[in-house]
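Numbering (this note's numbering), first residue to last: 67 to 403.
Quick notes on the structure that follows.
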């Protein structure tokens with residue numbers, strides 16, 4: 067809670083300093099180093115008005131930090147994924163510099179919270195690429211996601227639930243009428259759920275089998291039930307109650323809810339239990355080659371994960387919002403000193 071108050075106070079401080087004479091447009095780049103991909107956003111930011119005036123560039127590179135971590139007996143990032151990660155960041159930074167970016171920042175999430183050698187790797191990123199990268203807590207991740215999504219819907223904060231699923235963690239964030247937050251911190255996410263399906267449903271070794279596809283129709287119900295059981299057992303009661311209120315709007319962010327599921331649906335489809343279940347049934351017999359996506363291994367199990375959670379929680383639908391965690395950072399003075 068103190069972190070939330072601190073960020074709000076930082077925002078208030080910014081507003082009081084908007085009259086400073088040394089202000090104007092500048093190009094900023096921020097990196098979101100997630101468990102399955104490294105994303106970058108470049109914006110033009112007006113330091114006078116403290117507003118983003120335009121998005122200049124967005125790009126991402128697939129880097130399987132979580133997958134590599136789960137297969138490492140020492141609980142560390144192996145050298146191979148560190149090399150891959152550095153190359154991805156170097157490529158993205160070069161793209162940002164070509165657009166005029168001179169200020170850089172970055173955050174890292176779940177896989178970096180768990181890897182025993184994350185601190186040394188983050189230090190290497192700073193030394194080799196001059197990108198200041200901060201490993202944020204799951205609480206900070208939830209707050210940044212809520213802040214970024216809040217501007218996408220015209221509802222009060224108390225009527226909003228922000229649901230974020232990435233490669234290594236899941237968060238659901240809501241606030242009450244006094245703006246007191248309630249957050250669900252889940253460890254079942256895209257990669258971990260995929261590996262559970264391989265191990266528990268298909269009875270295979272996820273260290274040797276990296277994709278569950280084709281999932282097959284006989285494994286659809288058990289996979290959904292696996293997600294349902296997790297949701298029923300772990301999501302707090304005061305968040306569960308929210309979904310019984312028809313005024314509540316659920317906004318889905320992150321790689322699973324804002325990207326993976328929408329690209330598997332018929333264009334224009336609403337994200338409901340019915341449409342997600344239909345897509346799951348159709349795609350359960352598809353191979354990786356038929357899915358034809360760089361994230362093919364997790365695509366179908368992502369559908370099962372989301373459908374299972376929605377069933378267990380009585381969530382009828384959600385609205386995908388293609389926002390980035392870094393969208394809540396552009397005006398933070400501590401980030402852009």
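Just so it is clear, CB atoms sit at the ideal spot from N, CA and C, and this is done for glycine as well.
From the DSSP output, in three-state form, read off residue 352 for me. Here residue 352 is taken as the residue at index 286 of the chain shown, counted from 1. Three-state DSSP puts residue 352 in coil, outside helix and strand.
Check whether the Cβ atoms of residue 145 and residue 261 sit closer than 8 angstroms, and answer yes or no. Along the chain shown, one-based indexing puts residue 145 at 79. Along the chain shown, one-based indexing puts residue 261 at 195. No; because the gap between Cβ atoms is not below 8 angstroms, this pair is not in contact.
So, at 6 angstroms on beta carbons, what are the nonlocal neighbours of residue 126 in its own chain, with the 5 sequence-adjacent residues on each side left out? Here residue 126 corresponds to residue number 60 of the chain shown, with the count starting at 1. Excluding positions up to five away in sequence, the list reads 103, 105.
Pull up the CB-CB distance for residue 352 and residue 280, whole angstroms please, since I reckon it's below 8 angstroms. Numbered from 1 along the chain shown, position 286 holds the residue referred to as residue 352. Numbered from 1 along the chain shown, position 214 holds the residue referred to as residue 280. Contact holds; Cβ gap of about 6 angstroms.
If you draw a straight line from the alpha carbon of residue 327 to that of residue 341, how long is it in whole angstroms? Taking the chain shown and counting its residues from 1, the one referred to as residue 327 is at position 261. Taking the chain shown and counting its residues from 1, the one referred to as residue 341 is at position 275. The straight-line gap from Cα to Cα measures roughly 10 angstroms.
Can you give me the C-alpha to C-alpha distance between residue 207 and residue 250, rounded to a whole angstrom? Locating residue 207 in the chain shown gives position 141, counting from the first residue. Locating residue 250 in the chain shown gives position 184, counting from the first residue. When rounded, the distance between both Cα atoms is 12 angstroms.
Report buried or exposed for residue 113, applying the criterion of at least 16 other Cβ atoms within 10 angstroms of its Cβ. Counting from 1 along the chain shown, the entry for residue 113 is found at position 47. By the neighbour-count rule (16 or more Cβ atoms within 10 Å), residue 113 is buried.
DSSP bridge partner residues for residue 200 (one or two, in chain order): Along the chain shown, read from residue 1 onward, the residue named residue 200 stands at position 134. DSSP, once it has assigned bridges, lists 173 as partnering residue 200.
Determine whether the beta carbon atoms of residue 175 and residue 223 lie at a separation below 8 angstroms. Numbered from 1 along the chain shown, position 109 holds the residue referred to as residue 175. Numbered from 1 along the chain shown, position 157 holds the residue referred to as residue 223. Taking 8 angstroms as the Cβ cut-off, residue 175 and residue 223 do not qualify as a contacting pair.
Can you list, in chain order, the stretches of the beta strand (DSSP E) that have 3 or more residues and sit fully within the region 336-401? 383-386
Could you have a look at residue 181 and say whether DSSP puts it in helix, strand or coil? In the chain shown, residue 181 corresponds to position 115, counting from 1. In the three-state reduction of the DSSP assignment, residue 181 falls in the coil class, being assigned neither a helical nor a strand state.
With distance defined between alpha-carbon atoms, name the residue in 347, 170, 402 nearest to residue 107. The residue you call residue 107 lines up with position 41 of the chain shown. The residue with the shortest Cα to Cα distance from residue 107 is 170.
Does DSSP put residue 187 in a helix, a strand or coil? Numbered from its first residue, the chain shown carries residue 187 at position 121. DSSP, read as helix, strand or coil, puts residue 187 in helix.
Taking only the alpha-carbon atoms, compute the straight-line gap between residue 83 and residue 396 and give it to the nearest angstrom. The count along the chain shown starts at 1 and reaches residue 83 at position 17. The count along the chain shown starts at 1 and reaches residue 396 at position 330. Confidence at residue 83 is low in this model, with a pLDDT of 48, below 50, so its placement is unreliable and the value that follows should be read with caution. Each residue's alpha carbon lies about 15 angstroms from the other.
So the candidates are 346, 237, 359, 377; which of them puts its Cα closest to the Cα of residue 367? Counting from one through the chain shown, the residue named residue 367 turns up at place 301. Nearest of 346, 237, 359, 377 to residue 367, Cα basis: 346.
Among 203, 293, 211, 120, which one has its Cα closest to the Cα of residue 386? Here residue 386 corresponds to residue number 320 of the chain shown, with the count starting at 1. Comparing alpha-carbon positions, the option among 203, 293, 211, 120 lying closest to residue 386 turns out to be 211.
From the DSSP output, which residues share a beta bridge with residue 226? Working through the chain shown from its first residue, we reach residue 226 at position 160. DSSP, once it has assigned bridges, lists 315 as partnering residue 226.
Taking 7 angstroms as the limit between beta carbons, can you name the residues of its chain near residue 275, skipping five residues before and five after? Against the chain shown, residue 275 aligns to sequence position 209. Result list for residue 275: 264, in chain order.
Determine the burial state of residue 75: buried for a count of at least 16 other Cβ atoms within 10 Å of its Cβ, exposed for fewer. The residue labelled residue 75 in the question sits at position 9 within the chain shown. Reliability of the predicted coordinates at residue 75 is poor, the pLDDT of 48 falling under 50, and the value obtained from them is presented with this limitation in mind. Its Cβ having fewer than 16 others within 10 Å, residue 75 is exposed.
Cβ-based neighbour list, residue 384, same chain, cut-off 8 angstroms, excluding 5 preceding and 5 following: Start at 1 with the first residue of the chain shown, and residue 384 comes out as number 318. Within the same chain, residue 384 has close Cβ partners 229, 316, 317, 318, 323, 337, 376.
For residue 98 and residue 390, believed in contact at Cβ under 8 angstroms, the rounded distance: Along the chain shown, read from residue 1 onward, the residue named residue 390 stands at position 324. Along the chain shown, read from residue 1 onward, the residue named residue 98 stands at position 32. Correct: roughly 6 angstroms between the Cβ atoms.
Just tell me which of 226, 372, 374 has its CA closest to the CA of residue 308. Position 242 of the chain shown, counted from the first residue, corresponds to residue 308. If we check each option's Cα against that of residue 308, 226 comes out closest.
Runs of 3 residues minimum, wholly inside the region 233-274: which ones carry the beta strand (DSSP E) assignment? 236-241, 247-252
According to DSSP, is residue 91 part of a helix, a strand, or is it coil? Translated into the one-based positions of the chain shown, residue 91 becomes position 25. Of the three classes helix, strand and coil, the one that applies to residue 91 here is strand, per DSSP.
From residue 100 to residue 232, what distance separates their C-alpha atoms? As a first step, residue 100 must be located in the chain shown, where it is residue number 34. As a first step, residue 232 must be located in the chain shown, where it is residue number 166. When rounded, the distance between both Cα atoms is 7 angstroms.
Can you look up residue 129 in the DSSP assignment and give me helix, strand or coil? For the purposes of this step, residue 129 is identified with residue 63 of the chain shown, where counting begins at 1. Coil, per DSSP.
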